[in-house]
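Heads up, the thing below is written out as structure tokens.
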Amino acid sequence: MTRVDRIVVIAILCLLPTYGFSFQAQDTTEVPQDWFMRDPAADHVQGVSAEKAYATLLKGKPSRTVLVAVIDSGIDVEHEDLKDVIWINPKEIEGNGVDDDNNGYVDDVHGWNFIGGANGNVDNDTYELTREYIRLKAKYDQPNAKKIGKKNKVEYAYWKKIEERYTSYKAKSEKDFKECDQQLTIYKSFNENLLKSIDIITSAYEIDTITRVTLDTITSSDKKIQFAKYIIGVIYENSDKEQSLAEITDELNYIIEHNGTVCDHYKIALDYGYNEAFNSREIIGDNYNDLSEKRYGNTDVIGPDPSHGTHVAGIIGANRKNDLGIKGIADNVRIMVVRAVPNGDERDKDIANAIIYAVDNGAQIINMSFGKDYSPQKEAVDKAVRYAESKGVLLIHAAGNDKDNIDVETNFPSRFYADGKEAKNWIEVGASSWGAGKDLVGYFSNYGKKTVDLFAPGVKIYSTKPHDKYEDENGTSMASPVTAGVAAMLMSYFPDLTALEVKDIILTSTRKFDGLKVLKPDSRDEVSLSQLSITGGVVNAYEAVKLAQQRGVKKIE
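Per this note's numbering, the very first residue in the sequence shown carries number 13; after that it's consecutive.
Shown next, in the form of structure tokens:
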């Protein structure tokens, strides 16, 4: 080992406590992969009892196909567990370049992509905060800004808040990225020197593994071996006594991978999210300020990164009959793909058009696992939501993952119209976990006694990923499709139910936890679950189906 190497390693060892180095980074909690489908009483996890509903109440009963639109980042329509449940537009001939069904969208076989153009697709986009900053900066960041402010005091005050928040958020991201990059460099350098140390000792003593006992027996006058022993000894001293060196290096590799992902997140935020110079609409080629414009986009419903949308779609309706991967909640469903959510903040115009497209093409339920803090073109989204409401389409929306009380903090899109009225066809969903104790509510989940209707499983949810893969994900983005799957189950077996009746049944039948105190996501204070949502409950498919039967809802004969 060179003198430089020794200095680097010593520096790294000195810095490790500062950066909280730990070999216990992974969540190793063991729960069934399909825990969210299971029954609380029988399986001791707070699932939605979907399998129980099928095995008892719905066994042998006929059903109809329900069309669920997933407005998201895109979906891998060729996934082994999804390809048979992806919607196929019956009136469109694939690839003929003709708008066969005259709906204004050429070759929309599986849905439509509102964030693509003739020459490609939007992957990353700016944050709405950045777009508002750019818009208002052009108006108020000039010599006569104070004069303008007097003419429009409300907007000027809004601009100052936007300016302060944008500046502080961007600066924090720059600081976070710098620190993350430094930390990642330290971990990588340390890992490299650790591997060198392992190689030095295993080669010198012709052994395959270095146990704690083996390390203690090593004596040598060779400076390289002495230092290699020292490095490995420090690692053993700062790790679990039961861990082998191989397990420790695996954990270190996990930490490096995880930190790399975090650093990439900060870098993307700076390169795109807070970048004033980036304009994704050049790819799309629309007139962005024309809210009446609808015929833009392309047919690529997969997009550059369909990871999020694919996971959402699997929760709703992954094929239950093919003995592959997982089982979705709904057993007779088709998934319409509507791509409108980039890596960044979605745009109001695209969301409005996505909702209208889904409604016009027969969707009965629309899942919306996205959200943001600002909505400058809210009138367009409100108009689309009202349209869906008038057509009897159920909208299900993820409450968000910021630990916020959205009774107070803004969160868009919202069930509340600009005029103060409320969309009746809307369900707002927070995330719950598998245990019935104080950790029942997801630690990241938004909540609200007046705004969040209910909670649904959203922690460690195992579902489909692109290229025939499956992974766990956390988020209200997972809780929303769980609820959408239950809604599709009800509509499938009880076809006379309206969207409002389905909503009422789902909310009325939530499982309650009398007297249960849970940790409030933001403060971690213990509060009653009933204080965090309108129903104070968790969605349950079995109870929802039972309630539909009790109400005498007509079934398919």
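For each residue, glycine too, the CB sits at the ideal point set by N, CA and C.
Small disclaimer: the values here were computed from a predicted structure and weren't measured.
Coarse secondary structure for residue i, derived from DSSP in three states
i: lysine 95; result: coil
i: asparagine 417; result: strand
i: glutamate 538; result: strand
i: isoleucine 378; result: strand
i: valine 530; result: strand
i: phenylalanine 33; result: Because the pLDDT at phenylalanine 33 is just 36, under 50, the model does not fix this residue reliably, and the value given afterwards should be weighed accordingly. It is coil, neither helix nor strand.
i: glutamine 38; result: Residue placement at glutamine 38 is flagged as unreliable, the pLDDT there being 45, under the threshold of 50; a coordinate-derived value is accordingly withheld.
i: glutamate 358; result: coil
i: glutamate 104; result: coil
i: lysine 71; result: coil
i: aspartate 283; result: helix
i: phenylalanine 644; result: Given that the chain is displayed from residue 13 to residue 569, the structure contains no residue 644 and the question cannot be resolved.
i: histidine 320; result: helix
Bridge partners - residue i, DSSP secondary structure assignment
i: phenylalanine 424; result: Lys384
i: serine 475; result: Glu483
i: glutamate 440; result: His409
i: isoleucine 347; result: Val80 and Ile98
i: asparagine 373; result: Its beta-bridge partners do not exist; DSSP assigns none.
i: valine 550; result: Phe467 and Arg523
i: glycine 123; result: Val349
i: valine 453; result: Ser444
i: asparagine 334; result: Note: asparagine 334 sits in no beta bridge, so no partner.
i: tyrosine 459; result: Asn417
i: glycine 128; result: Asn133
i: glutamate 434; result: Phe428
i: asparagine 310; result: Asn125
Cut-off 6 Å between Cβ atoms - residues of its own chain near residue i, not counting five sequence neighbours on either side
i: glycine 564; result: none
i: valine 528; result: Checking the sequence, you will find leucine at residue 528 rather than valine. Contacts found: Leu541.
i: tyrosine 554; result: Ser61, Lys64 and Ala65
i: aspartate 416; result: Asn458
i: valine 393; result: Asp360, Ile363, Ala364 and Pro425
i: tyrosine 181; result: none
i: arginine 224; result: Tyr248
Test item: CB-CB of residue i and residue j under 8 Å
i: isoleucine 377; j: proline 493; result: no
i: asparagine 437; j: leucine 512; result: yes
i: aspartate 119; j: glutamate 104; result: yes
i: methionine 49; j: lysine 339; result: yes
i: valine 557; j: leucine 541; result: no
i: glutamate 485; j: histidine 277; result: no
i: asparagine 2; j: valine 80; result: Residue 2 is absent from the model: the chain starts at 13 and stops at 569.
i: leucine 257; j: isoleucine 210; result: yes
i: asparagine 310; j: asparagine 125; result: yes
i: tyrosine 145; j: glutamate 176; result: no
i: glycine 337; j: glutamate 186; result: no
i: isoleucine 347; j: isoleucine 127; result: no
i: tyrosine 399; j: valine 371; result: yes
i: threonine 142; j: glutamate 288; result: yes
i: isoleucine 83; j: valine 353; result: yes
i: isoleucine 341; j: glycine 497; result: yes
i: proline 533; j: phenylalanine 456; result: yes
i: glutamine 58; j: glycine 447; result: yes
i: alanine 435; j: valine 471; result: no
i: aspartate 96; j: asparagine 334; result: yes
i: glycine 297; j: tyrosine 308; result: yes
Cβ neighbours of residue i in the same chain (closer than 8 Å, five flanking residues each side left out)
i: asparagine 355; result: Ser85, Asp135, Asn136, Asp137, Ile280, Tyr284 and Asp317
i: isoleucine 237; result: Ile212, Ile213, Ala216 and Ile230
i: serine 232; result: Ala216, Gln238 and Lys241
i: serine 75; result: Asp343, Asn344, Ser504, Tyr505 and Ile568
i: glutamate 483; result: His323, Tyr474, Ser475 and Lys477
Own chain, CB closer than 7 Å to residue i, minus 5 neighbours either side, in chain order
i: asparagine 299; result: Glu305
i: lysine 524; result: Gly548 and Gly549
i: alanine 499; result: Ile377, Leu406, Ile408, Val514 and Ile518
i: glycine 404; result: Thr510 and Ala511
i: phenylalanine 290; result: Thr138 and Tyr284
i: isoleucine 100; result: Val121 and His122
i: arginine 427; result: Glu434, Ala435, Trp438 and Glu440
Rounded Cβ spacing between residue i and residue j (contact assumed at less than 8 Å)
i: valine 60; j: valine 551; result: 6 Å
i: threonine 488; j: glycine 412; result: 6 Å
i: lysine 461; j: aspartate 419; result: 6 Å
i: valine 313; j: histidine 122; result: 5 Å
i: glycine 129; j: isoleucine 295; result: 5 Å
i: leucine 466; j: serine 545; result: 6 Å
i: aspartate 357; j: lysine 395; result: Contact doesn't hold; Cβ gap of about 20 Å is too wide.
i: alanine 491; j: alanine 410; result: 6 Å
i: leucine 69; j: glutamine 561; result: 7 Å
i: leucine 264; j: asparagine 203; result: 5 Å
Residue i: CB within 7 Å of a non-hydrogen atom of the ligand NAD
i: valine 60; result: For the structure depicted, the ligand NAD is absent and the ligand set is empty, with no information on it obtainable.
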